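Here is the structure we will look at.
Numbering (full-length UniProt numbering), first residue to last: 1 to 706.
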């Protein structure tokens, strides 16, 4: 796939660079405009669950994140003089009048219940609020009336209890601030939606995308009671994609009519920034997790909003202009450098993460959906002499010795039920997760929310079918009770996630772990308690997973399990052929002395290891003799295009087979190894591999870790 000149080769070091990137992203859309400029249709045949008119509205509206900011900046820089017409941006200015006109053939249609048009109304409202001199004041009176009627169409309609409520908030805010609607009448509607949004708040600046299912309800409902429609997910919608972003925008535009709430939202942004930085690596890459990852570099939009709204504080090392600038621009640079497969040949963005991939898409992704990514470029609204652009770009917090919470590289984020790992002695940036799940019927929901680990280097995999290699179960535990004919992985967690301190012999302090419980099958009385332990100073390249599988009633069914590490790029560097697996079923150890440097995939009795151009990924069985099951190391070759970051992967895993679960149950314990980046020194890989954890169990079942 071709890269996009102006974006893919962009250094993102100045406002000029960001403006050039914005224009480069907009230009390929011009041939996709309808004659009346109210719709944009990228020439790719794929469908979303909503009507094509709404999808083409997406194509018009989503680029407004940068169109409106560019126009507002032009107005500001003109300093009262008449601005020069901009042929590129004028396409969007001309289209608004036709899109809201019921008599025009390009009318977007009235907004109904559960309507995708609600989403795009927020972007249009942003354009009105930020650039009214272009999008509202020049309109004839009939067009203003049509626009007002169209935005009012959100009121009284049924919409999800999630981030969508912000779309109606902004529509009503634009009606008040720009369209002259009665403040008392419309603010009461805003207030009602904000009350709903406030119920999503968890703590430490984090909100869930919808009401967080209370743990106390799990015992009764188990997915079937009154809380069955509620999940637990705090993903990028909690930050950049929606909630934090919208809260910050509201704090900027509504301060004069809702000062109390705006101060609360500013405070929450200041809390959120204290943990959100950990989700980005030192090179700018973010950890992919959750849904809507086709929005690509929208993951950095929180930092764009933070600076756009003037929230930077140079007395705070995490919130200073230089720090926020670094976090955002590094992220954009990473995407520019890795964007060679992100665009169709005509230069438009594609559905996928790093390459076109419909397996990872959602049913609400139209060809125009990826332009939500442009939220991260709203900083172009800031003037060239703004403190954001003039500040020296500061390095990542992990590279600054004085930045809290220290330099361990392990960040516990309790509101999200996650531990973000970037150990300073290791070489892998990833997160551990326990407790999140999404209950509505979304494609690959278990893969997007319920795996045990997600990596900025190795991404994660999504299923293509029901067989194990099609499920591509990286970073999870796959279980079967019919000899491998069907498989299940973790989905809905039960009860509250716990964060106990685990003692590691020889380690100065306790290591914070996570414990959660889940049921593989709702029709069986089998429960799994999963404990995840992050890297520590003794073994910085490893993390541990211990699963205690128990049945409430005697079970004679056979149990097959596959515990897997990270999926890793599989082709060899010399000839691009897939690495061939060496099988050593009689060996207990990986024989590094016999391994070459042209890619390695090896299975032993109790381990599996893969070394490729992308790094190293492996797994060890920590209970080789006493878990009552037959085990073996295995290198899986999942279906192509299952991983969101690369097309061909291998997955190291340990296979376990037990004839029956029995009253004592089964405990599976594994150590997962990962080193990211090109590895030419096999001696270094060996040294890191040998620096592995040891796990013993006392007769009472107590873990002893060293």
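The beta-carbon is built from N, C-alpha and C at its ideal position, and this holds for glycine as well.
As the structure is a computational prediction, the values presented were derived from the model and not from experiment.
Rounded C-beta distance between residue i and residue j? I'm assuming under 8 Å.
i	j	result
residue 230	residue 211	5 Å
residue 118	residue 168	7 Å
residue 535	residue 606	21 Å between Cβ atoms; not a contact.
residue 377	residue 65	7 Å
residue 629	residue 666	6 Å
residue 173	residue 203	Their Cβ separation, rounded to whole angstroms, is 27 Å, which puts residue 173 and residue 203 out of contact at 8 Å.
residue 110	residue 75	Not quite, the Cβ-Cβ distance comes to about 31 Å (not below 8 Å), so this is no contact.
residue 370	residue 296	6 Å
Apart from the five residues just before and just after residue i, which ones in its own chain have a Cβ nearer than 8 Å to its Cβ?
i	result
residue 363	48, 49, 442, 443
residue 179	128, 136, 144, 147, 148, 151
residue 519	222, 492, 494, 526, 527, 528
residue 685	592, 611, 616, 675, 679
CB-CB under 7 Å to residue i, same chain, minus the five flanking residues each way: which ones, in chain order?
i	result
residue 314	320, 321
residue 588	604, 605, 606
residue 158	113, 114
residue 631	606, 621, 624, 654, 655, 656
residue 551	525, 526, 661, 665
residue 190	169, 172, 173
Where does residue i land, buried or exposed, given buried means 16+ other C-beta within 10 angstroms?
i	result
residue 95	buried
residue 560	buried
residue 614	buried
residue 580	exposed
residue 636	buried
residue 538	buried
residue 651	buried
residue 704	exposed
residue 406	Caution is warranted here: a pLDDT of 48 is assigned to residue 406, below 50, making its placement in the model unreliable, and the coordinate value is therefore given only provisionally. When all chains shown are included, residue 406 counts as exposed.
residue 690	exposed
residue 350	buried
residue 245	buried
residue 249	buried
residue 42	buried
residue 20	buried
residue 493	buried
residue 576	exposed
residue 18	buried
Which residues in the same chain have their Cβ closer than 6 Å to the Cβ of residue i, if we skip the five residues on either side of it in sequence?
i	result
residue 438	231, 233, 445, 449
residue 433	418
residue 330	284
residue 324	303, 306, 307, 312
residue 375	65, 298, 301
residue 582	602
residue 410	421, 534
residue 346	28
residue 396	282
residue 163	209, 237, 242, 243
Helix, strand or coil for residue i per DSSP?
i	result
residue 614	coil
residue 449	helix
residue 535	coil
residue 53	helix
residue 459	strand
residue 32	helix
residue 105	coil
residue 417	coil
residue 252	helix
residue 365	coil
residue 267	helix
residue 582	strand
residue 569	strand
residue 352	strand
residue 603	strand
residue 393	coil
residue 116	coil
residue 357	coil
residue 559	strand
residue 12	coil
residue 237	coil
residue 247	helix
residue 340	coil
residue 136	coil
residue 706	coil
Only counting runs of 4 or more residues, tell me where the alpha helix (DSSP H) segments fall wholly within the stretch 632-702, in order along the chain.
-> Listed in chain order, they are 682-690.
Output the residue ranges of the alpha helix (DSSP H) runs that lie fully inside the stretch 465-551 and measure 4 residues or longer, sorted by chain position.
-> Considered as a whole, the stretch 465-551 harbours 468-471 as its complete alpha helix (DSSP H) runs of no fewer than 4 residues, in chain order.
Which runs of the beta strand (DSSP E), 3 residues or longer, sit entirely within the stretch 152-218?
-> Qualifying beta strand (DSSP E) stretches, in chain order: 201-203.
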